[in-house]
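Presented below is the structure to which this report refers.
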Amino acid sequence: MPKPLNKSHLVGSGETPADFLSAVQEASTCAAQHLYADSPPCQDFQDAIAALHDVDFRQPCSSFSDCLSELEELWLKQAVFYHHPRYISHLNCQVAIPAVAAEVLASSLNTAVESWDQAGPAAAIEQKLIRWAADLVGFGQSAQGVFTTGGTQSNLQALTVARNQALQELQAQGYSHFEALSKLRILCTPSAHYSIARGVELLGLSPDSIVEISEDFHGQMRPLSLEASLREVCRAGKYPAAVICTAGSTDRGSIDPLSEVIDIAHHHDVPVHVDAAYGGAGLLGPESASLFYDIEKADSVTLDFHKGFYQPVACSCVLFAEGQRLEHIRWNASYLNPAESSRPNLADISLQTTRRFDALKLWVTLRTIGQERIGASFDTCCALARRAAALVDDFPKLQLWETPQLSTVLFELQATESADSPHPAEYYRIRDELFDSGQAAVAVTEIHGTPLFKFTILDPTLRDEDIQAVLNAIVRAHSEALIRTR
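FYI, the numbering for the sequence shown is 2 to 487, going by the numbering used here.
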């Protein structure tokens with residue numbers, strides 16, 4: 002007969018913490034050996050994937066040490082290291098050491114925060130941080146919010162609240178649920194995060210429920226276009242449920258003109274959600290904060306702490322200027338969060354039920370490092386992006402696409418006398434070559450049909466020579482390809 006788990010397997014069950022301390026120490030040592038080694042930022046990992054076929058979960062490893070050794074071959078030796086100076090592709094950040102230590106605490110206690118009798122003081126700690134984040138945005142005392150797994154979930158919750166509020170308003174006018182649903186429209190630019198379109202679909206709205214607002218050359222919403230679209234939506238007998246602004250688009254770091262857009266939307270009694278998942282850390286930056294002028298006039302805001310706040314994934318929140326709006330997503334269960342409960346149950350205001358104590362890592366980071374360093378780090382990353390742009394300008398074979406708006410840098414390969422502008426496939430080929438060879442991790446995107454390389458800088462310790470090395474690698478890979486094709 003199989004044996005059940007014993008006390009040596011379960012946290013807090015043994016006579017002493019020896020087994021627990023040993024496992025955590027061994028895992029930490031293993032992580033440190035790889036994080037602080039002279040490893041490439043990335044590499045081809047097909048061998049590791051092939052080796053997965055030999056893993057049989059019916060036959061466990063003989064010890065925890067053997068399991069870690071196996072993981073080294075299956076993952077760690079081919080892992081993608083976001084802390085590496087030549088990893089500059091996506092919005093993945095280095096993580097603050099206190100936050101990692103806090104993860105050990107949160108996971109060890111396995112605290113869940115959805116109800117008062119599971120969370121204890123953890124719920125109050127989360128709500129204290131929500132108040133801090135609301136103050137950062139500039140919301141008043143009636144604000145409320147909740148931690149989420151990321152910007153996608155935060156945006157989905159904001160959309161859900163907007164949809165349900167609009168449905169309630171239309172049903173009060175006599176429309177049926179489905180009639181009301183067909184009338185709803187969400188207004189945003191093409192640069193809005195793809196989670197907006199995904200959220201609209203998940204919420205049962207048709208694809209034509211999204212009304213695209215034109216943007217200028219820098220990817221920022223045109224206020225006059227919004228005004229015209231709102232008028233047209235209403236003229237067509239439809240109902241604008243929300244306007245989505247972006248404060249730091251994924252590709253370009255573009256920030257919509259928040260003050261003008263919010264004023265226009267509110268003139269039409271339409272709520273505004275600001276997706277500041279990327280740019281939100283700039284609210285702490287002495288140099289960047291002015292970019293978010295009047296964000297406090299928004300109705301809801303997304304912030305991702307696992308980007309510019311240097312937190313481990315997952316750590317995000319969605320904030321509402323008027324917490325009462327969260328009643329539009331409230332569901333009650335007698336076993337969990339009964340409607341008549343006099344105690345705070347965070348399940349009342351979350352799309353999730355079971356939810357980790359992800360707020361703890363941000364708490365520990367703020368209490369040990371402080372918010373000023375986080376803000377200064379984001380400002381530094383934006384300055385590094387401007388320096389990287391200057392380096393691109395100095396390359397005769399590269400062309401800067403635009404001056405960085407936050408910490409992303411976009412550039413293209415220049416056409417030569419003997420060759421036209423490179424095909425988009427060449428950009429992806431170079432990206433894959435640099436990745437598989439371990440030289441660098443860079444991103445590729447396309448804007449207005451033009452293929453572009455993209456650097457995303459979230460490492461405040463990055464040096465000019467690190468950026469130069471990646472640019473050299475890109476140009477070298479392209480030049481070698483041109484020689485091979487002659």
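Heads up, the beta-carbon is just placed ideally off N, CA and C, and yes, glycines get one too.
Give me the residue from the options with the minimum Cα distance to residue i.
i, options, result
"residue 134", "107, 281, 186", "281"
"residue 463", "429, 443, 382", "382"
"residue 50", "38, 33, 319, 73", "73"
"residue 163", "142, 185, 177", "185"
"residue 342", "75, 118, 36", "118"
"residue 33", "144, 77, 9, 55", "77"
"residue 370", "312, 323, 284, 410", "312"
"residue 1", "23, 409, 320", "Missing from the structure shown is residue 1; the chain here goes from 2 to 487 and no further."
"residue 256", "242, 283, 139", "283"
"residue 316", "57, 385, 153", "153"
"residue 13", "106, 132, 259", "106"
"residue 112", "131, 97, 222, 361", "361"
Can you tell me whether residue i is buried or exposed? The criterion is at least 16 other CB atoms within 10 Å of its CB, across all chains shown.
i, result
"residue 1", "Because residue 1 is not part of the residues shown, which for the chain are 2 to 487, the question remains open."
"residue 65", "exposed"
"residue 461", "buried"
"residue 333", "exposed"
"residue 1", "Nothing can be reported for residue 1: it is not among the residues displayed for the chain, which extend from 2 to 487."
"residue 375", "buried"
"residue 268", "exposed"
"residue 291", "exposed"
"residue 471", "buried"
"residue 6", "exposed"
"residue 338", "buried"
"residue 62", "exposed"
"residue 251", "buried"
"residue 411", "buried"
Kindly identify the DSSP beta-bridge partner or partners of residue i.
i, result
"residue 222", "216"
"residue 448", "451"
"residue 287", "Looking at the DSSP assignment, residue 287 forms no beta bridge with any residue, so it has no partner."
"residue 318", "148, 304"
"residue 276", "247, 303"
"residue 456", "410"
"residue 211", "187"
"residue 256", "248"
"residue 113", "357"
"residue 334", "According to DSSP, which records beta bridges pairwise, residue 334 is partnered with nothing at all."
"residue 442", "88"
Give the secondary structure of residue i by DSSP, where H, G and I count as helix, E and B as strand, and everything else as coil.
i, result
"residue 433", "helix"
"residue 189", "strand"
"residue 341", "coil"
"residue 201", "helix"
"residue 354", "coil"
"residue 413", "strand"
"residue 34", "helix"
"residue 400", "strand"
"residue 423", "coil"
"residue 294", "coil"
"residue 80", "coil"
"residue 237", "coil"
"residue 100", "helix"
For the pair the segment 70-88 and the segment 296-303, tell me if three or more CB-CB distances fall below 8 Å.
no
At least three beta-carbon pairs within less than 8 Å, the segment 414-431 to the segment 394-404
yes
How do the segment 337-357 and the segment 256-267 stand: do at least 3 beta-carbon pairs fall below 8 Å, yes or no?
no
Does the segment 172-191 touch the segment 212-221, meaning 3 or more C-beta pairs lie closer than 8 Å?
yes
Closer than 8 Å is the cut-off here; do at least three beta carbon pairs connect the segment 268-279 with the segment 233-249?
yes
Counting pairs of beta carbons, one from the segment 445-456 and one from the segment 420-428, are three or more of them closer than 8 Å?
yes
Counting pairs of Cβ atoms below 8 Å between the segment 430-439 and the segment 41-59, do you hit three or more?
yes
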